[in-house]
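Participant: First the structure, which I've put down as structure tokens, then a few questions once you've had a look.
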Amino acid sequence: MSPQQNPILVTGATGKQGGATARKLLADGLPVRALVRDPQAPAARALAEAGAELVTGDFTAPETLPAALTGVRAVFLVTAASYGPQGWDVEQEAAGGIAVVDAARHVGVDHIVFTSIASLSDDARWGAVGKKRTEAAVIASGAHYTILRPVRFMENYLMRDAMVDGIADGVHRHLFPADRPLQMIALADIAEFAALAFADPARFHGQIIELAGDAITPVDAAALISRTTGHQVRYQEMTEAEATALGAEIASIWRLVRETGGWHADLPALRAIHPAMQTLESWLTTTGSAQLSPLLTAAH
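If you count the sequence shown from 1, position 171 lands on 400 in my numbering, and the numbers rise without skipping.
Below, the structure is given as structure tokens:
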């Protein structure tokens, strides 16, 4: 098997970004090795049925990683942020990401696409620190690399029982100012950019790409959701006091968004690379509304 025929290892393959990327690569006819904790889990079995090779491994068990990475030509890396009563567990997230980078280089993998998180002006004040440490490890690794920094997912409207985001009882409640454009992106478009980077490592080497597909105020987004689903949805902007009640780091995000103006992806430049990037309206009319409608119906 030539190096180009070797599989791409996708971490987080049963999650949002990893799952979208694995499905995109498989649809393009590329061999995929999916890193999973439980190969019998329904999401893992679905990937296997779609053609992915499953390999068992865990970021918290670094000894499982070299075998998972041996023989692959590239790795899609996504780290899981963990937020609890003590705030963001940046140490665990960074340790897991760095363990994958180290193992990849140890076995000779020379291409890493890392999906990080969109930046604000002071990323030390919120839960981006674990991902920033992993970014530094990727850059220092000597491998060909591309770092993707996606903003909020359009699929977050589907979230249930979250502290913020999602729609409950017809209300989308979040930290963002109601009257300022909010950047967002469809998961499928993150996968598209990852696929482009894997297809042309030289072109995308060293690039750090802030990713967004649309920018629309939360109020206008709620109106659009109302029109496309037939269910009335309104936006509720959280107060600083409400954000503080959820934790100091949530309050820090509330303030940072207002101080910095939010995320700053260059939509025209991104669309020049990937012209078919979805807007919120196109996401709703193709897949989003069909997924949202049953959730909104069940809430009544």
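Idealized CB from N, CA, C, for every residue including glycine.
Small disclaimer: the values here were computed from a predicted structure and weren't measured.
Who pairs with residue 582 in a beta bridge, going by DSSP?
Facilitator: Outside the shown range of the chain (230 to 529) lies residue 582, about which nothing can therefore be said.
Participant: Could one say the Cβ of residue 364 lies closer than 8 Å to chain B's Cβ atoms, at least one of them?
Facilitator: The chain labelled as chain B is not found in the depicted structure, where only one protein chain is given.
Participant: Taking a contact to mean a Cβ-Cβ separation below 8 Å, would you say residue 467 touches residue 443 in this structure?
Facilitator: Contact flag unset, no.
Participant: What is the rounded straight-line gap between the Cα of residue 457 and the Cα of residue 302?
Facilitator: Rounded to whole angstroms, residue 457 to residue 302 spans 42 Å at the Cα level.
Participant: For residue 538, collect the residues of the same chain with a Cβ closer than 7 Å to its Cβ; drop the 5 residues on either side in sequence, then sort them by chain order.
Facilitator: Here the chain has residues from 230 to 529 only, and residue 538 is not among them.
Participant: Tell me, please, which residues DSSP counts as bridged to residue 478.
Facilitator: In the DSSP output, where bridge partners are listed per residue, residue 478 has none listed.
Participant: Would you please state the rounded distance, in angstroms, between the beta carbons of residue 347 and residue 389? I believe it to be under 8 Å.
Facilitator: Residue 347 to residue 389, Cβ: 23 Å. No contact.
Participant: Closest by CA to residue 381, which one among 423, 246, 239 and 320?
Facilitator: It is 246.
Participant: Grouping DSSP H, G and I as helix and E and B as strand, with all else coil, what is residue 402?
Facilitator: The answer is strand: DSSP assigns residue 402 an E or B state.
Participant: Rounded to whole angstroms, what is the Cα-Cα separation between residue 525 and residue 460?
Facilitator: Spanning the two alpha carbons is a distance of roughly 7 Å.
Participant: Determine contact between the region 292–300 and the region 325–332, defined as no fewer than three beta-carbon pairs at a distance below 8 Å.
Facilitator: The region 292–300 vs the region 325–332: in contact.
Participant: Tell me where the beta strand (DSSP E) around residue 288 begins and ends.
Facilitator: No beta strand (DSSP E) contains residue 288, which DSSP labels as neither H nor E.
Participant: List the DSSP bridge partners of residue 397.
Facilitator: In the DSSP output, where bridge partners are listed per residue, residue 397 has 400.
Participant: So what does DSSP say about residue 460, is it helix, strand or coil?
Facilitator: Coil at residue 460, not helix or strand.
Participant: Quick one: residues in its chain with C-beta nearer than 6 Å to the C-beta of residue 357, no 5 flanking neighbours on either side, listed in chain order?
Facilitator: Closer than 6 Å at the Cβ level, and outside the excluded window around residue 357, lie 346.
Participant: List the whole-angstrom C-beta distance separating residue 326 from residue 306, where the pair is believed to meet the contact cut-off of C-beta under 8 Å.
Facilitator: The pair is a contact, with the Cβ atoms about 6 Å apart (cut-off 8 Å).
Participant: Output the distance between the C-alpha atoms of residue 429 and residue 463, rounded to the nearest integer angstrom.
Facilitator: Roughly 42 Å between the two C-alpha positions.
Participant: What does residue 340 pair with, by DSSP beta-bridge criteria?
Facilitator: 373.
Participant: Could you have a look at residue 519 and say whether DSSP puts it in helix, strand or coil?
Facilitator: The answer is helix: DSSP assigns residue 519 an H, G or I state.
Participant: Looking only at its chain, what residues have a beta carbon closer than 6 Å to the beta carbon of residue 433, apart from the 5 residues adjacent to it on each side?
Facilitator: 375 and 426, listed in sequence order.
Participant: Going along the chain, which residues of its own chain have a beta-carbon closer than 8 Å to the beta-carbon of residue 359, five neighbours each way excluded?
Facilitator: So the list reads 308, 310, 317, 318, 319, 320, 321, 322, 323 and 326, once near-sequence residues are dropped.
Participant: If we count the other Cβ atoms within 10 Å of its Cβ and call it buried at 16 or more, is residue 424 buried or exposed?
Facilitator: Buried is the call here.
Participant: Ignore the nearest five residues each way along the sequence and tell me which others in residue 509's own chain have a CB closer than 7 Å to its CB.
Facilitator: Contacts found: 383, 413, 443, 445, 450 and 453.
Participant: Of the residues 417, 299 and 263, which one's Cα is nearest the Cα of residue 516?
Facilitator: The shortest Cα separation from residue 516 among 417, 299 and 263 belongs to 417.
Participant: Inspect the beta-carbon positions of residue 251 and residue 263 and report whether they are closer than 8 Å.
Facilitator: In contact: residue 251 and residue 263 (Cβ atoms closer than 8 Å).
Participant: Does residue 521 pass the burial test, meaning 16 or more other C-beta atoms within 10 Å, or should it be called exposed?
Facilitator: So residue 521 ends up on the buried side.
Participant: Are residue 253 and residue 420 close, meaning C-beta to C-beta below 8 Å?
Facilitator: A contact, by the Cβ cut-off of 8 Å.
Participant: Could you tell me if residue 243 is buried or exposed, where buried requires 16 or more neighbouring beta carbons within 10 angstroms of its beta carbon?
Facilitator: Flag for residue 243 reads buried.
Participant: What is the rounded straight-line gap between the Cα of residue 485 and the Cα of residue 491?
Facilitator: Using only the alpha carbons, I get a separation of about 7 Å.
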